[in-house]
Amino acid sequence: MPRLAAIRFTTFAKTAALACAVMSPLWAHAELTANVALTSNYKFRGQDQDSSRKKAVKPALQGGFDYSFGDSGWYVGNWNSTVDWLPGNSLESDFYGGYKFKAADVDWDLGMLTYVYPGNARGNTTELYGAATYGPFTAKYSHTVSKDYFGWAGARDGSGLKGRNTGYLQFAFSQEVMPKVTFKASVGYTHFSSDIRSLGVPSYVDYSVGGAYDFGSGVALAAAVTGATQRSYFGDVNKPRLILTLSKSM
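Residues 687 to 936 in our numbering are what the sequence shown spells out, letter by letter.
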């Protein structure tokens, strides 16, 4: 091996060894978890993600995984669901990563999430998010940084409009009210970008009230009434529905 190449290889080897030494404590305590669920209707921010049918029951298969880097607070994950609201596409695949930490008795979560629709990229959206949890209360804000917000502005088709800066603010409450039974409620507000609002699309409020029963071994059954306002504009996709979800965590 030429001397210069040998020096470069030695330097690389030392750097790699140092990186492994630094990362090894994280790998040693890393944790991989997975989840799978079957729901009677997948609603995202109060809106049906299957707009092809007007029935109350629109089953969706969902699942994903989370990988935490030990006690560092860093994590990555993926979550997927069947959907039917974009032509040529039947899958939503989310990729996210972030950092969790505790400060002043509040649990914080900061990260980035990208929604990918493999059959139709018009829906692809990326958001930055931040959440704070204190006891049973959680406040979370998501801010769109991609050019469009789920295709509403039509930026990919050359509309000249942008969905960037659309924001979503949610307040949630989750509290065990008796052994194995948890009460859950949330309210959220979607504030569209000025370009989307210029098309006449109204910002709206979504809500959900229900509970979950823990069967143990990672199996849970949840029931909730979920819907959104501005139904006169968005139609039945915002109609309140009783949603049942059977999930398994592993």
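Virtual Cβ for every residue (Gly too), placed ideally from N, Cα, C.
Between the CA atoms of residue j and residue i - distance to the nearest angstrom
| i | j | result |
| --- | --- | --- |
| V708 | D736 | Residue placement at V708 cannot be trusted, given a pLDDT of 41 that sits under 50; what the coordinates show is reported in the next sentence. Rounded to the nearest angstrom, the two C-alpha atoms are 46 Å apart. |
| V722 | L907 | 12 Å |
| L928 | K744 | 11 Å |
| M936 | W765 | 14 Å |
| L772 | G805 | 8 Å |
| N727 | Q733 | 10 Å |
| V891 | A914 | 6 Å |
| S894 | R842 | 32 Å |
| W713 | Y801 | For W713, the pLDDT reaches just 44, beneath the cut-off of 50, and the residue's location in the model is therefore unreliable, leaving the point undetermined. |
| G786 | N924 | What sits at residue 786 in the sequence shown is Lys, not Gly. Distance between the alpha carbons of K786 and N924 is about 32 Å. |
| G840 | K848 | 8 Å |
| S710 | A871 | Low local confidence applies: a pLDDT of 48 at S710 is under 50, so the model's placement there is unreliable, with the coordinate-based value given in what follows. So the alpha carbons of these two residues sit roughly 40 Å apart. |
| A901 | T931 | Here residue 901 turns out to be Phe, not Ala, going by the sequence shown. Using only the alpha carbons, I get a separation of about 13 Å. |
| G844 | L747 | 33 Å |
| G896 | A909 | 5 Å |
| D780 | K741 | 26 Å |
| D770 | L796 | 30 Å |
| E778 | T768 | 6 Å |
| D793 | L724 | 29 Å |
| S738 | M864 | 39 Å |
| R731 | T852 | 13 Å |
| S903 | E862 | 17 Å |
Beta carbon of residue i nearer than 8 Å to that of residue j
| i | j | result |
| --- | --- | --- |
| Y820 | M798 | no |
| P822 | S860 | yes |
| Q856 | K826 | yes |
| T912 | K729 | yes |
| T824 | A817 | yes |
| Y761 | L718 | no |
| A716 | F755 | yes |
| K934 | V905 | yes |
| Y854 | S828 | yes |
Candidates the options: closest to residue i by CA position
| i | options | result |
| --- | --- | --- |
| A898 | T868, V923 and R927 | T868 |
| F836 | R808, K740 and V873 | R808 |
| D881 | G846, S894 and A858 | G846 |
| L814 | N806, R850 and S779 | R850 |
| A720 | F751, K741, R739 and R731 | F751 |
| G784 | T725, D770 and S758 | S758 |
| G763 | G774, G749 and V831 | G749 |
| T876 | T830, D795, W794 and R739 | T830 |
| W838 | S879, G874 and A858 | S879 |
| V873 | E862, A858, V863 and M864 | A858 |
| alpha helix (DSSP H) segments (min. 4 residues) lying fully within the segment 839-865 | none
| task | Count the CB pairs spanning the segment 870-890 and the segment 913-920 that are closer than 8 Å, and state whether there are at least three. | result | The segment 870-890, when compared against the segment 913-920, does touch it at the 8 Å Cβ threshold.
| said: Which complete beta strand (DSSP E) runs does the segment 740-822 hold, if anything under 3 residues is left out? | reply: Listed in chain order, they are 746-754, 760-768, 777-789, 792-802 and 811-820.
| If you scan the segment 859-912 from start to end, which runs of the alpha helix (DSSP H) of 4 or more residues do you find wholly inside it? | Counting only runs of 4 or more, we get 880-883.
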